[in-house]
Each structure stands twice: as structure tokens, then as C-alpha cells.
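Trainee: If you read the protein sequences in the order shown, they are chains H and D. Start counting the first sequence at 2; every next residue gets the next number (the numbering used here). Start counting the second sequence at 2; every next residue gets the next number (the numbering used here). Positions of the beta carbon are idealized from the N, C-alpha and C atoms, including for glycine. Sending over a structure as C-alpha cells; questions will come in a sec.
Protein chains: 2
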Amino acid sequence: MLATMNTCTITKLARAFGLSRSTLLYYDRIGLLPPSGRTAAGYRCYTQRDRQRLERICHFRQAGLTLADIRTLLSSSGKPNAKLLERRFRELGGQLLELRSQQRLLASMLKGVAAGKCPPAVDRVMWVKMLRAAGMDDRAMGRWHTEFERRAPDAHQEFLVSLGIPESEIQRIRKSSAEGAW
Amino acid sequence: MLATMNTCTITKLARAFGLSRSTLLYYDRIGLLPPSGRTAAGYRCYTQRDRQRLERICHFRQAGLTLADIRTLLSSSGKPNAKLLERRFRELGGQLLELRSQQRLLASMLKGVAAGKCPPAVDRVMWVKMLRAAGMDDRAMGRWHTEFERRAPDAHQEFLVSLGIPESEIQRIRKSSAEGAW
DNA sequence: ATTGACCTGTCTATTACTTCACAGTTTAGG
DNA sequence: CCTAAACTGTGAAGTAATAGACAGGTCAAT
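Structural data, given as C-alpha cells:
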């Protein structure tokens, strides 16, 4: 008899929050989320309070804070400590820029592959498929062209040509991209 | 006498590529970038070829490939292996989405802080400052509003109100955001 | 009671580094 | 020539956030 109606075991808690058992074990080990009790058999017993704490933890994790930061936030509870948030926000901005540059870089690499010796049939259709697979919708794809046009117009032109897109459509795309009118 | 004009020491190489000495030591240890030679004293001697290899490594790292993948790419040189790139591209798309959601979340948290008890004077000016500090330019800020409006119109409204922006301007901003006309 | 599925705890491995400690080497200045 | 700073090497240990292996515990159905 474990669940006294209000407690739950580690795997159940993990599933409820979309985490892995290992993660909760880890959180226990570092003292971030020790279960309120144990059963006779030594099983961890998580209470409602534990669940609430975990919810806050997940919330902060979602926002990308480190466990150390979260510990600080939870212990010095009350004070929102906007400094931490602001710092993280700044970091996020950098990360976004970095990711976008990665994407551009990868794009050019794939372009190189497509244009180079080993042409794995990366034509327009294939590209659109890949971009969709990467989670892009039409709007995002428009933004992608806009970014490409803004940062590297020449490469953008080259890229479109490499996809075998007719000149007339290239003009249209680049014009739209330049205006950001998506 | 170390530098025979074409070789350089570990720290110099590290500085040239914006890496730490430890990183290069690590790359040597795992056999990813062993220096071409050593001085009599045993100091690592990096040649031009080593630098080129490191440049490729950095290039791939920039794109987010793991060192294992990079090793594969560099050893099976020639074959572009578009599979790896494509896979990474997919991952990137996911990461970008994730980051954007983080940003939104953080935004709402900061909003809460601003609206809540501990008001660290997060008004409009402060926000713009923060967003700029996060690397946003006007265009990016427009996109940010657009995203906000698209995904959470109510929260967007609330947010703008919380910044003390007059109703008339809020209308204007939200209308523009909805159209994505930035 | 027993089987089999699923659960538990602990311990170890992973990635890409970083930090540390300690001893030898090079270099610039006096 | 000497000394102090700055560099070098090795090796060990630490980091985040899990993932996986493993032996054993628990539970529902038979």
C-alpha cells in the first residue's frame, strides 16, 4: 500500500510532468526536490506540495534557468529577483541569433552539397519538405527568406538559382523578402 | 625557439579561434585535433594544416554537430553525407521553436514581475532596452509583437496595458502585429 | 502460489568541456 | 646571468542533465 490518496511514486510523478525517472532521481540527489517521505519499502513518496514545487521547477526550467538559479529562486522565495530573469532573457536573445546563424550556415552547407559533386536531388521540392520537417510553416518560411535576403542577398540569389527556380520567380521572391511583406 | 614561422603554440591557436586552451587540450586528447608536432620541450606545435582542420571543426561545431559527427565527417572526407546535415537541420528547427517559446514564457514572467508586488520599474522604456540588449533590432521587435499577437492575443493586450501604453497605440500595435506588416 | 510485467533503488556512463594542481619551460626586463 | 611572469605539459576531478544497466521488489491475474 503506497498511495495514501495524496502521494505518488516517482515514475508516476515523472510521467505526469513529462520528465524521466532519472531526472527526478537527480533532483532528489542534488536536494532540489526531495520527496516528503518514503514508504516502508524505501520508495519515494511525493506529496501535493512536492508536485507544486516540481511545477514551479518545470516552469523555470522551461524558461531555461539553470537548476542552480532555480534553487536560489525557490529558496529565497517571494522575491521575484528580476535580475535573473533579465539575464536569462539577454542570453536567450543571443541564443536565438546563434541558432538563426546556424540555420543559415547549414543552409549554405546543404546548398554546397546540392551544388557540389554529390547531388542528392536537393531541389526546390526537397527543400520545402526539409523546411517543413524542421517545423516551418508558410509564415516562418517567409521570415526565413526575409532573413536570408537581409543578411546575404547575393547568397540568397545564388541559392534560389541553385534550386532551379526561374528568374522571374526569383525576382518576385527577393522583392517580397526585401520588403518583409509576409 | 618555437615558432618556425608556420607553427604556433596551443594558447595562441586557442586565442585565434576564440577557444580555450582546455578545449584544444581536449581535442588533442580525444584525437580530434592532434598537433602535427612537438618542440624539443614537448610543446604542441600546430601547423597551417592543423589550423585548417580546426577551422573546419569550428565550422561544424557552429552548425551544432557533435564532435563524434565531426570526426566522422572529417575522416570520411569527401563524401558530404547530407544525411547528417539534414538531421541537424531538423533538430535546429525544433530548437528555434523551443527558444521562441522560452522567450514568450520569460516575457510573461517578467510581465508578472512588473505587474506584481515587486515592480522594478519595468515600463515601456525598460522593456525596449531589454529587448535591444537581447539583440533585437526594430524588425526583430516587430516580429516579436507579431508572434505574441498570433499566439496569445489576450496576453499581448494585457502585456501592452501593463506597460502603460495608451489604448490608441495598443490598437495600432495589435493591428500591425496581426497583419504581420513589419 | 506463481508467473510475468512492471516497478524500485543504486550505480555508472555520457558530452564537451572546465578547473585545478603541480612541475617544467620560455621569455622579457634589469 | 638572474628572476619573475607567463607560458607549457600531464593528470585528475568536476559539471549538467539525463540515459542505461542491474538486481531486486510489487502487483494483477492465474
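What residues of chain H sit near Arg89 of chain D, judged by a beta carbon separation below 9 angstroms?
Mentor: Here the neighbours are Gln103 and Leu107.
Trainee: Does the Cβ of Ala41 of chain H have 16 or more other Cβ atoms within 10 Å, making it buried, or fewer, making it exposed?
Mentor: Exposed, because fewer than 16 other Cβ atoms sit within 10 Å of the Cβ of Ala41 of chain H.
Trainee: Report whether the distance from the Cβ of Tyr27 of chain D to the nearest heavy atom of the ligand ZN is below 7 angstroms.
Mentor: You won't find the ligand ZN in this model; it holds no ligand whatsoever.
Trainee: Where DSSP assigns a beta bridge to Cys59 of chain H, which residues make up the other side?
Mentor: Note: Cys59 of chain H sits in no beta bridge, so no partner.
Trainee: Quick check: Cys46 of chain H and Thr12 of chain H, are their CB atoms within less than 8 angstroms of each other?
Mentor: Against a cut-off of 8 angstroms, the Cβ pair of Thr12 of chain H and Cys46 of chain H comes out as no contact.
Trainee: Am I right that Arg89 of chain D and Leu66 of chain D are in contact with their C-beta atoms under 8 angstroms? What's the rounded C-beta distance?
Mentor: Arg89 of chain D to Leu66 of chain D, Cβ: 6 angstroms. Contact.
Trainee: With the cut-off set at 8 angstroms, would you say Arg173 of chain D and His157 of chain D are in Cβ contact?
Mentor: It is not a contact, given that the beta carbons lie outside the stated cut-off.
Trainee: Of all Cβ atoms in chain H, is any one closer than 8 angstroms to the Cβ of Gly19 of chain D?
Mentor: So, not an interface residue.
Trainee: For the alpha helix (DSSP H) containing Leu75 of chain H, list its first residue and its last residue.
Mentor: Note, Leu75 of chain H: alpha helix (DSSP H), Leu68 to Ser76.
Trainee: Compute the Euclidean distance between the alpha carbons of Tyr28 of chain D and Gln53 of chain H, then round it to the nearest angstrom.
Mentor: Looking at the two C-alpha atoms, the distance is approximately 43 angstroms.
Trainee: Using DSSP bridges, identify the partner residues of Tyr47 of chain H.
Mentor: DSSP output for Tyr47 of chain H lists H:Cys9 as bridge partner(s).
Trainee: What does the Cβ neighbour count give for Gly94 of chain D, buried or exposed, with the cut at 16 atoms within 10 Å?
Mentor: Buried, because 16 or more other Cβ atoms sit within 10 Å of the Cβ of Gly94 of chain D.
Trainee: Just to make sure I have the definition right: I need the residues of chain H whose C-beta is within less than 7 angstroms of the C-beta of Gly65 of chain D. Which are they?
Mentor: Those within 7 angstroms of Gly65 of chain D in chain H are Gln103.
Trainee: With the cut-off set at 8 angstroms, would you say Thr73 of chain H and Tyr44 of chain H are in Cβ contact?
Mentor: Going by C-beta atoms, Thr73 of chain H is not nearer than 8 angstroms to Tyr44 of chain H.
Trainee: With a threshold of 8 angstroms between beta-carbons, can Gln53 of chain D be considered close to chain H, or not?
Mentor: Not one chain H Cβ lies under 8 angstroms of Gln53 of chain D.
Trainee: Suppose you measure from the CA of Ser169 of chain H to the CA of Gln103 of chain H; what does that come to, to the nearest Å?
Mentor: Those two C-alpha atoms are separated by around 29 angstroms.
Trainee: Once DSSP output is grouped into helix, strand and coil, what is the label at Gly65 of chain H?
Mentor: In this structure, Gly65 of chain H counts as coil in the three-state DSSP scheme.
Trainee: Just to confirm, are Ile58 of chain H and Leu34 of chain H a CB contact at a threshold of 8 angstroms?
Mentor: Closer than 8 angstroms, so yes.
Trainee: Counting along the chain, where does the alpha helix (DSSP H) carrying Ser23 of chain H start and finish?
Mentor: Arg22 to Arg30 is the extent of the alpha helix (DSSP H) around Ser23 of chain H.
Trainee: Please list, in chain order, all residues of the same chain as Ala122 of chain D whose beta carbon is under 7 angstroms from its beta carbon, the five residues on each side excluded.
Mentor: Bear in mind that a pLDDT of 49 at Ala122 of chain D, under 50, signals an unreliable position, so the number given afterwards is only what the model happens to contain. Closer than 7 angstroms at Cβ, skipping near neighbours: no residue.
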